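Residues in the sequence shown are numbered from 1 upward in steps of one, following full-length UniProt numbering.
As structure tokens, the structure follows; a few thoughts come after it.
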Amino acid sequence: METGDGVPVSSRVSAKIQQLVNTLKRPKRPPLREFFVDDFEELLEVQQPDPNQPKAEGAQMEALQGEQLGVVTNWPPSLEAALQRWGTISPKAPCLTTMDTNGKPLYLLTYATLAALHCR
């Protein structure tokens, strides 16, 4: 039995089966050595800074030392309890203050604001 182009049907089917077998024989993933790049030598090299890189301007920022906290014996048992306590006793008292580079207060977070954010 032959097809219109003169190729026997059995050889055409076996060619398709052979193509499928060859496809299945190929590895599905490339071997690991193709993905592995040995860059250990590059890790040992010390990178030199770029001479064209802009230099930092201004003074280096440092953390300021605040006043010492007094020893309190009646601390609340948890952070939530402390927030509740100081949020009701002194809601307008500053809880957190951020300073700009000149040492002036930039942002002030009060206990009331923190308590409101915590309740959300």
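Where a beta carbon is used, it is the ideal one built from N, C-alpha and C, also for glycine.
Keep in mind the model is a prediction, meaning the values are calculated, not measured.
Segment contact, 8 Å Cβ cut-off, at least three pairs: the segment 105-116 with the segment 65-76: no
Cα-Cα separation between Gly103 and Ala59, rounded to whole angstroms: 13 Å
Contacting residues, own chain, Cβ-Cβ under 8 Å from Met99 (five flanking each side not counted): Leu64, Pro105, Leu106
Host beta strand (DSSP E) of Leu96 (start-end): Run containing Leu96: 94-99, per the beta strand (DSSP E) assignment.
Proximity test, Cβ basis, 7 Å: Ala115 and chain C: Included in the structure is just one protein chain, with no chain C present.
Per-residue burial, Gly70 [other beta carbons within 10 Å of its own, 16 or more giving buried]: exposed
For Leu109, three-class secondary structure by DSSP: Assignment of Leu109 by DSSP, reduced to helix, strand and coil, places it in the strand class.
Simplified DSSP state of residue 193, which is helix, strand or coil: Coverage of the chain is limited to positions 1 through 120, which leaves residue 193 absent and any answer about it impossible.
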